[in-house]
Amino acid sequence: MLPDDIWQTRGLTLTQRGRAGPLVVLIPSLINPHWVLDLDSDRSLQAHLAAQGFRAILVDWGSADG
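With this note's numbering applied, the sequence shown covers 1029 to 1094.
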């Protein structure tokens, strides 16, 4: 299951895995890239949460240079 982009503005993107269940928002620190929480299909906190029945939203801050 690949994440879906659900919202974008000024470099900020929200991606979603899972469509039902309790909402969990994953917010990486500003100095870490968003993909540290979604490395690949076997090492993804976002995918794991979706597989457990959560609607997992991941915040991607984008790059500092736009």
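Cβ atoms here follow ideal geometry from the backbone N, Cα and C, with glycine treated the same way.
Quiz item: Is the beta carbon of F1082 less than 8 angstroms from the beta carbon of P1056?
Solution: no
Quiz item: Under three-state DSSP, which class holds A1084?
Solution: strand
Quiz item: W1063 by DSSP, collapsed to three states: which one?
Solution: helix
Practice problem: Can you tell me which of the three DSSP states L1027 falls into? | Solution: Coverage of the chain is limited to positions 1029 through 1094, which leaves residue 1027 absent and any answer about it impossible.
Quiz item: How far does the beta strand (DSSP E) with D1033 in it reach, from first residue to last?
Solution: D1032 to T1037
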